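Quick note, in numbering that gives the first Met the number 0, the sequence shown goes up one by one and the last residue is 504.
Structure first, commentary second.
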Amino acid sequence: MKTYYKTKYIQHLLTFCFVVISLNSCSDYLDEKPISQPSNVTFWRNSTDANSAVAGGYAQLRKALNSGLSYYAHGDLGTDVFSTDRELRSEFTDIMKFKLGKSVPVTDTWNPMYKVRDFSIFYAAIKQADLCLKHIPEIPKEEFSDYDVQYNQYIGEAYFIRAFSYFYMARVWGNVPIVDSSDPDIVDLKNYKREDVAKVLIKATEDCQLALKYLSWDYSTATDKVVRANAGAAWALLAHIYAWSGNYPACEIAAGNVINSNVYSYVDRNNYLDIFKGQSEECIFEIAQNSENEAQSGNDLSLPRFLLRGEYLKTPRGVDTKETVWQFDLKTVQQIFFNDPKDLRRTKGFAEFSSQWPILLKYSKIIYTSETSALSLNNIVVFRLADIALLQAEAQAAQGKYAEARVTLNSIRVMAGLENSTTTNDKLFEAIIEERGRELFMEGHRFYDLVRLAREKKVYKFGDSSNKISPAEFLNGKSYWPIQPSLLETNILFTQTEFWKSQAQ
Numbered sequence: 000m001k002t003y004y005k006t007k008y009i010q011h012l013l014t015f016c017f018v019v020i021s022l023n024s025c026s027d028y029l030d031e032k033p034i035s036q037p038s039n040v041t042f043w044r045n046s047t048d049a050n051s052a053v054a055g056g057y058a059q060l061r062k063a064l065n066s067g068l069s070y071y072a073h074g075d076l077g078t079d080v081f082s083t084d085r086e087l088r089s090e091f092t093d094i095m096k097f098k099l100g101k102s103v104p105v106t107d108t109w110n111p112m113y114k115v116r117d118f119s120i121f122y123a124a125i126k127q128a129d130l131c132l133k134h135i136p137e138i139p140k141e142e143f144s145d146y147d148v149q150y151n152q153y154i155g156e157a158y159f160i161r162a163f164s165y166f167y168m169a170r171v172w173g174n175v176p177i178v179d180s181s182d183p184d185i186v187d188l189k190n191y192k193r194e195d196v197a198k199v200l201i202k203a204t205e206d207c208q209l210a211l212k213y214l215s216w217d218y219s220t221a222t223d224k225v226v227r228a229n230a231g232a233a234w235a236l237l238a239h240i241y242a243w244s245g246n247y248p249a250c251e252i253a254a255g256n257v258i259n260s261n262v263y264s265y266v267d268r269n270n271y272l273d274i275f276k277g278q279s280e281e282c283i284f285e286i287a288q289n290s291e292n293e294a295q296s297g298n299d300l301s302l303p304r305f306l307l308r309g310e311y312l313k314t315p316r317g318v319d320t321k322e323t324v325w326q327f328d329l330k331t332v333q334q335i336f337f338n339d340p341k342d343l344r345r346t347k348g349f350a351e352f353s354s355q356w357p358i359l360l361k362y363s364k365i366i367y368t369s370e371t372s373a374l375s376l377n378n379i380v381v382f383r384l385a386d387i388a389l390l391q392a393e394a395q396a397a398q399g400k401y402a403e404a405r406v407t408l409n410s411i412r413v414m415a416g417l418e419n420s421t422t423t424n425d426k427l428f429e430a431i432i433e434e435r436g437r438e439l440f441m442e443g444h445r446f447y448d449l450v451r452l453a454r455e456k457k458v459y460k461f462g463d464s465s466n467k468i469s470p471a472e473f474l475n476g477k478s479y480w481p482i483q484p485s486l487l488e489t490n491i492l493f494t495q496t497e498f499w500k501s502q503a504q
């Protein structure tokens, strides 16, 4: 046991032991490795070093969101999208059932349940941002080709990465540590306790507001578009932070700043899948993984391996190529979300939709490096224009601004080929959440949308309440995830998430 924890500690430290300086493309930029503390004396010399250091922050975010498919495990799997009545045949079965207290052997660090309960991985991104904020100001001005532009961009991005990391963890785990930016060993977390979620959200808000002081709406190059944060990404993040915090007036303003910027435009829904090819006109912020050195391995835990089947995969998981591994709840998907055959998000986004095994095509960008080796090249679409527009409509409905909310809701529906909504005002907030379910299907938003619906309207739609989250369980805090039990053993200051204290670990 001691050997394992010693090994894990060393692995955390080694995370920071590589520096890659050459920058030839967007892919190179975002594949940069984080900077080691011992290298600070010799590393922070010029704008290239600063650029490389910021790149390490994005690389750490990608690593965290891909670990155990966390972005989708946290945002989609434990919702009504997946039925507990159907046979679930993957490593994610207990997550789909929201049985998050399952005991996992301490040696099974490969297990998705182990990975998605471990928030420590996000502190590598926070540490990288802290290093940037500390050392970039120390670089002489003459070492930048365009000091005002480059300096502001790098500092703004560092604040954004830190804000995003804290906000993401606050939504998933609630109480998480707020670390000292001057501490060289924060990734170990041994000297920190879990802070109240309200404080974490304040920290995320403040960092995002600081990011906005530095970021512009522009991108340095076309290849940087949406895979690096700009003012639009920061405003979109702030809108989500405000919505999660229940500050809907501020959410409406933040979302409006994105929409009214005219920087982004909708992709024609006849070409709906163009959104997921990466860096479309509609996208605001994405995690880059559309090059071979960034991509997910298609042979391991990647979305195509679970959402596609036989004819779409050369090497499908399992022996039955007629079935997808992740099996959607047919009632939710076919009868509620996409019951209208005119919906372009259905006709363009799925293959064989009417079958028992609907195939989602959003994440079907695969290349094969050999007959048995595949790479998934879809970026993670974090924020896009339709998301922010519907978030603004949600904020307006929450404030009783029904006419404004209805205009936005209907604009999204008409764009998708549907009729205007006839929902009454008292059900409009819920209707907007359901429209988000259609528009942002399997894009990592559904769980958080359902939490906000439960908080605001006391409507609970997580799925089979006997296996997921009942109203009583929601009120007792079940929507916040437990932390990986091994963290409790390595840090005596940590306590388990309240609801899960009584659950078998």
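Backbone N, C-alpha and C define an ideal beta-carbon position, used for all residues, glycine too.
On a predicted model such as this, the values are computed, not experimentally measured, just so you know.
Which residues bound the alpha helix (DSSP H) around residue i?
i	result
residue 438	427-438
residue 473	470-474
residue 412	401-414
residue 452	445-456
residue 306	302-306
residue 221	Counting along the chain, residue 221 falls outside any alpha helix (DSSP H), and DSSP gives it neither H nor E.
residue 94	92-95
residue 121	121-134
residue 56	46-65
residue 185	Per DSSP, residue 185 belongs to no alpha helix (DSSP H) and is neither H nor E.
residue 484	484-489
residue 213	196-213
Specify, as a first and last residue, the run of the beta strand (DSSP E) that residue i falls within.
i	result
residue 420	Looking at the DSSP string, residue 420 is not in any beta strand (DSSP E), and its letter there is neither H nor E.
residue 533	Beyond the ends of the chain as shown, which are 0 and 504, falls residue 533; an answer cannot be given.
residue 381	379-383
residue 153	Here residue 153 belongs to no beta strand (DSSP E); instead the alpha helix (DSSP H) covers 146-172.
residue 375	373-375
residue 113	Segment 111-115 is the alpha helix (DSSP H) holding residue 113; no beta strand (DSSP E) there.
residue 366	365-367
Assign residue i to buried or exposed, taking buried as 16 or more other Cβ atoms, counted over all protein chains shown, within 10 Å of its Cβ.
i	result
residue 178	buried
residue 512	Outside the modelled stretch of the chain, which goes from 0 to 504, sits residue 512, for which no answer is possible.
residue 270	exposed
residue 239	buried
residue 475	exposed
residue 21	With a pLDDT of 33 at residue 21, under the threshold of 50, the predicted position of this residue should be treated as unreliable, though the coordinate-derived value follows. Residue 21 is exposed by the Cβ-count criterion.
residue 430	buried
residue 285	buried
residue 402	exposed
residue 248	exposed
residue 113	buried
residue 404	buried
residue 454	exposed
residue 357	buried
residue 460	buried
residue 157	buried
residue 477	buried
residue 78	buried
residue 496	buried
residue 152	buried
residue 499	buried
My guess is that residue i and residue j are in contact by the Cβ rule of under 8 Å, so how many angstroms apart are they, rounded?
i	j	result
residue 233	residue 211	5 Å
residue 480	residue 171	5 Å
residue 281	residue 391	At roughly 15 Å, the Cβ-Cβ gap does not stay under 8 Å, so residue 281 and residue 391 are not in contact.
residue 155	residue 213	3 Å
residue 507	residue 116	Residue numbering for the chain in the displayed model covers 0 to 504; residue 507 lies beyond these limits and cannot be assessed.
residue 268	residue 414	6 Å
residue 336	residue 437	5 Å
residue 71	residue 302	7 Å
residue 432	residue 97	Going by Cβ atoms, the distance from residue 432 to residue 97 rounds to 19 Å, so no, they are not a contact pair.
residue 462	residue 47	With 8 Å as the limit, residue 462 and residue 47 do not qualify as a contact, their Cβ atoms being about 49 Å apart.
residue 489	residue 62	In fact, because the Cβ distance is near 20 Å, the residues do not count as touching under 8 Å.
Would you kindly check if the distance between the Cβ of residue j and the Cβ of residue i is under 9 Å?
i	j	result
residue 64	residue 162	no
residue 124	residue 208	no
residue 127	residue 203	no
residue 331	residue 308	no
residue 289	residue 376	yes
residue 428	residue 393	yes
residue 341	residue 272	no
residue 81	residue 328	yes
residue 129	residue 181	yes
residue 231	residue 160	no
residue 387	residue 374	no
residue 100	residue 443	no
residue 266	residue 279	yes
residue 378	residue 228	no
Taking 8 Å as the cut-off, is the CB of residue i close to at least one heavy atom of the ligand PLP?
i	result
residue 79	Among the components modelled here there is no ligand, and therefore nothing to report on the ligand PLP.
task = With a floor of 3 residues, list each beta strand (DSSP E) that falls wholly inside the stretch 236-288, ordered by position along the chain.
result = The stretch 236-288 is shown to contain whole beta strand (DSSP E) runs of 3 or more residues at 282-286, in chain order.
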